[in-house]
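Protein chains in written order, with my numbering: chain A, 244 to 627; chain B, 37 to 134.
Even glycine gets a Cβ: it sits at the ideal position worked out from N, Cα and C.
In structure tokens form, the structure reads like this:
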């Protein structure tokens, strides 16, 4: 969707593709001018949308925000003035259930309360022609010249459980330290570079060895492990151990919007080589795009009444539902063998599974991702 | 002296008589001509690239002639901060260029 606006000498050209977009910018870059000009009916200002069937609506009254969003008018672009609206649980729920509309937040800094994509955070900048545009924070350039031949020192994952275990198994041929985000402290002290269970043991050990048990329990609680907000502190922690480290980092791009400006500043300030994947929307998204499930679901659109990340989590659980290995996001057990072992039907077992992949290569990961959009993972893991 | 508080603020711990959350509201409705001194003109020039024609009228290269309520939130905050020192201000309106 494109929005073009002209108001006196202020010219705006905005492109947005996600259901939720957050527009930020320095002082006097035009955030308030957008609000004033688009809805200043006395001046008869005209704005143009690339899809003329859509309309714009301003939400700047806290008392009406729930009502306005709950009416769920389709083909609408809601512009929310964050300076006047508090993001409460009710507002988040109303946004989640909105269908067929775009929601644009206009605010000073990013919003942490809502899940939105890393490419949905835009910064207003005026180009040399005097046109104000929304720039993405991250450019899709690869900082490492030849990533397929590089030896990574660290591989960091946002996921603490299934995602982390699966990536460890995929990159088994790479000699790197696998780190769950948050399992390394800001001061660079490593407490664990292994899987979720060993971190649990490590926390126990740390607590027993210290007299100030309460303090340590608080510092190394399991809640501190995994999660998007731990990615940046983890990279900063590593920079103190190894300032020139090569890092491969996996975070859920579809919900990383609140952290992306910090991540960008980490990329600019550190001397480390950091490689990340803009296509890695979430681990569930990667699995859904594998040869096993890729024809069994429809992509996320603005007509989906959910946030993108939770949509993929529920979808993967639904499409993988069988008597062998349903992939549940909240499950505490180990990763279902379907994700990394040769399918049962080809290993002599008859489990009645409907999703078996033929064992053509002898490597389940190759069977899963060969000729898909995530084939690049196989190259990085040196499997092809 | 400038004090900056980050995160959740415990108002009982800080010695400030009042807190301004909505900068726009205070600036727009309680504006006084005396706030516009040389320093305010300098701030408006630096941040908004605009000039005061009179205390309530501004010439902006983008928006042409505007009134004082249309200047940027960051400039409004800085002008208020310069004039009333013992108040805690919501810094959410301050961009990096402030």
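CB contact check: residue i to chain B, cutoff 8 Å
| i | result |
| --- | --- |
| residue 298(A) | no |
| residue 377(A) | no |
| residue 546(A) | no |
| residue 505(A) | no |
| residue 270(A) | yes |
| residue 251(A) | yes |
| residue 462(A) | Residue confidence is low: residue 462(A) scores 46 on pLDDT, short of 50, so the model does not pin down where it sits. No coordinate-derived value is stated. |
| residue 316(A) | no |
| residue 508(A) | no |
| residue 603(A) | no |
| residue 577(A) | no |
| residue 256(A) | no |
| residue 501(A) | no |
Residue i - partner residues in DSSP beta bridges
| i | result |
| --- | --- |
| residue 299(A) | 320(A) |
| residue 265(A) | 348(A), 364(A) |
| residue 425(A) | Bridge partners of residue 425(A): none, in fact. |
| residue 61(B) | Answer by DSSP bridge pairing: none, since residue 61(B) is not bridged. |
| residue 41(B) | DSSP output for residue 41(B) lists no bridge partner at all. |
| residue 399(A) | 422(A), 492(A) |
| residue 258(A) | 245(A) |
| residue 406(A) | According to DSSP, which records beta bridges pairwise, residue 406(A) is partnered with nothing at all. |
| residue 376(A) | 256(A), 368(A) |
| residue 541(A) | Answer is none; residue 541(A) lacks a bridge partner. |
| residue 292(A) | 246(A) |
| residue 354(A) | None, per the DSSP bridge assignment. |
| residue 56(B) | 125(B) |
Residue-level contact to chain A via CB, residue i, 8 Å cutoff
| i | result |
| --- | --- |
| residue 50(B) | no |
| residue 98(B) | yes |
| residue 128(B) | yes |
| residue 69(B) | no |
| residue 103(B) | no |
| residue 133(B) | yes |
| residue 84(B) | yes |
| residue 109(B) | yes |
| residue 81(B) | no |
| residue 106(B) | yes |
Residue i CB to nearest heavy atom of the ligand COA below 7 Å
| i | result |
| --- | --- |
| residue 317(A) | This structure does not include the ligand COA; it has no bound ligands of any sort. |
Rounded straight-line distance, which links the Cα of residue j to that of residue i
| i | j | result |
| --- | --- | --- |
| residue 580(A) | residue 360(A) | 30 Å |
| residue 433(A) | residue 477(A) | Because the pLDDT of residue 433(A) is 49, which lies under 50, any placement of that residue in the model is unreliable, and the number read from its coordinates should be weighed accordingly. Cα to Cα, residue 433(A) sits roughly 10 Å from residue 477(A). |
| residue 92(B) | residue 473(A) | 47 Å |
| residue 301(A) | residue 514(A) | 43 Å |
| residue 319(A) | residue 341(A) | 10 Å |
| residue 60(B) | residue 41(B) | 20 Å |
| residue 264(A) | residue 332(A) | 18 Å |
| residue 38(B) | residue 121(B) | 9 Å |
| residue 470(A) | residue 349(A) | 26 Å |
| residue 278(A) | residue 324(A) | 8 Å |
| residue 334(A) | residue 370(A) | 34 Å |
| residue 582(A) | residue 563(A) | 10 Å |
| residue 132(B) | residue 517(A) | 26 Å |
| residue 486(A) | residue 480(A) | 10 Å |
| residue 251(A) | residue 44(B) | 41 Å |
| residue 268(A) | residue 128(B) | 12 Å |
| residue 362(A) | residue 253(A) | 25 Å |
| residue 124(B) | residue 112(B) | 14 Å |
| residue 538(A) | residue 106(B) | 53 Å |
| residue 437(A) | residue 377(A) | The predicted model places residue 437(A) with a pLDDT of 42, which falls under 50 and marks its position as unreliable; any figure quoted below should be read in that light. Those two C-alpha atoms are separated by around 40 Å. |
| residue 379(A) | residue 503(A) | 10 Å |
| residue 249(A) | residue 368(A) | 16 Å |
| residue 48(B) | residue 304(A) | 30 Å |
| residue 118(B) | residue 73(B) | 10 Å |
| residue 52(B) | residue 126(B) | 13 Å |
| residue 375(A) | residue 273(A) | 8 Å |
Residues of its chain near residue i, where Cβ-Cβ distance is below 6 Å and the 5 sequence neighbours each way are ignored
| i | result |
| --- | --- |
| residue 430(A) | In this prediction, residue 430(A) scores a pLDDT of 48, lower than 50, which makes its location untrustworthy; the coordinate-derived value is nonetheless stated afterwards. Hits under 6 Å: none found. |
| residue 258(A) | 245 |
| residue 411(A) | 421 |
| residue 625(A) | 416 |
| residue 115(B) | 71, 76 |
Close beta carbons around residue i, own chain, < 7 Å, minus the five adjacent residues each side
| i | result |
| --- | --- |
| residue 529(A) | 523, 617 |
| residue 395(A) | 417, 419, 489, 490, 491 |
| residue 554(A) | 543, 547 |
| residue 337(A) | 309, 312, 313 |
| residue 461(A) | Interpretation of residue 461(A) is limited by its pLDDT of 42, a score under 50 that renders its predicted location unreliable; the figure taken from the coordinates is listed afterwards. Once the five neighbours on either side are set aside, residue 461(A) has no close Cβ partner at all. |
| residue 403(A) | 423, 439, 468, 469 |
| residue 397(A) | 419, 420, 422, 481, 488, 490 |
| residue 262(A) | 345, 346, 545 |
Neighbourhood of residue i by C-beta, 8 Å cutoff - its chain only, sequence neighbours within 5 removed
| i | result |
| --- | --- |
| residue 548(A) | 339, 340, 341, 342 |
| residue 604(A) | 610, 613 |
message: If we require 4 or more residues per run, which alpha helix (DSSP H) segments fall completely within the segment 65-123 of chain B?
response: Taken in chain order, the unbroken stretches of alpha helix (DSSP H) that lie wholly in the segment 65-123 of chain B and span 4 residues or more are 74-79, 109-119.
task: Pick out the complete alpha helix (DSSP H) segments inside the segment 458-535 of chain A, 4 residues or longer, and give them in chain order.
output: Counting only runs of 4 or more residues that sit fully inside the segment 458-535 of chain A, the alpha helix (DSSP H) segments are 474-484, 503-512, 526-531, in chain order.
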